[in-house]
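Participant: This is the structure I want to talk about, given as structure tokens.
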Amino acid sequence: MSKRVVFVVAPEGFNDHELLHPKAILEEAGIEVVVASTVVGMCRGMLRAEVESKVTLEEIDPSEYDGIVAVGGPGALKYLSNNPSLISLFKRFNELGKLVSAIGRARHALHNAGLFGTNFSWGPEVEINGNVIAARPPATTPGWTSKKFGRLLLEHLQGS
944 MSKRVVFVVA PEGFNDHELL HPKAILEEAG IEVVVASTVV GMCRGMLRAE VESKVTLEEI
1004 DPSEYDGIVA VGGPGALKYL SNNPSLISLF KRFNELGKLV SAIGRARHAL HNAGLFGTNF
1064 SWGPEVEING NVIAARPPAT TPGWTSKKFG RLLLEHLQGS
């Protein structure tokens, strides 16, 4: 049975690299990626990438997915960090032992779900705590951290 992961993006202002690199790595490995947001329809990244959200956060059923990935960017602070639906989803995925992950500014939602500490900016580029994976925002080389993040997601999914 093939793996299926939901990527959560803000409807506007998500970090293009943080979505596109990990998404491509998973899809190239045969993992189905479904994009979700606070709305259904086209979502636009901070660098103008567009992606279609197929479902809202409220429509996500954790039993249908192997993991959840929240994408950062300035929009994540506005739409995702304190979003009760996303925080609840993080908790439900975690309770089921499924992959729970976030990159960049979306890590705030992990903290608000009680799944990760408060000092993300002082840790390594990618931190793993069981089934929780968090990555810092891309540094001076955009895409490097997001590619590493994507490879770690893939390793975790292939090992589970």
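For the sequence shown, this note's numbering gives the first residue as 944, with consecutive numbering after it.
Each residue gets a CB set at the ideal place from its N, CA and C atoms; glycine is no exception.
Any contact of the region 1066-1077 with the region 976-996, i.e. 3+ C-beta pairs under 8 Å?
Facilitator: The region 1066-1077 vs the region 976-996: no contact.
Participant: What are the boundary residues of the alpha helix (DSSP H) that includes residue 1028?
Facilitator: 1027-1038 is the extent of the alpha helix (DSSP H) around residue 1028.
Participant: Helix, strand or coil, according to DSSP, for residue 1059 in the structure here?
Facilitator: It is coil, neither helix nor strand.
Participant: Identify every residue that forms a DSSP beta bridge with residue 957.
Facilitator: DSSP, once it has assigned bridges, lists 988 as partnering residue 957.
Participant: Cα separation between residue 1026 and residue 1049?
Facilitator: The alpha-carbon atoms of residue 1026 and residue 1049 are separated by roughly 11 Å.
Participant: Can you tell me whether DSSP reads residue 1078 as helix, strand or coil?
Facilitator: It is a strand residue.
Participant: By the 10 Å Cβ neighbour count, where 16 or more other Cβ atoms means buried, how is residue 995 classified, buried or exposed?
Facilitator: Exposed: under 16 other Cβ atoms inside 10 Å.
Participant: Assign residue 945 to one of three DSSP states: helix, strand, or coil.
Facilitator: Three-state result, residue 945: coil.
Participant: Quickly, what does DSSP pair residue 950 with across the bridge? List them, please.
Facilitator: Note: residue 950 sits in a beta bridge opposite 978 and 1012.
Participant: Which partner residues of residue 1042 appear in the DSSP bridge assignment?
Facilitator: Answer is 1010.
Participant: First and last residue of the alpha helix (DSSP H) that includes residue 1020?
Facilitator: That run of the alpha helix (DSSP H) goes 1017-1022.
Participant: Taking the beta strand (DSSP E) that residue 994 belongs to, which residues open and close that run?
Facilitator: Element bounds for residue 994: 993-996.
Participant: Please look up how many angstroms separate the CB atoms of residue 1093 and residue 958, rounded, as I've assumed it's under 8 Å.
Facilitator: Wrong, their Cβ atoms sit about 13 Å apart, outside the cutoff.
Participant: Under a Cβ-count criterion, where at least 16 other Cβ atoms within 10 Å of its own Cβ denotes burial, should residue 1079 be classed as buried or exposed?
Facilitator: Buried, by the Cβ-count rule.
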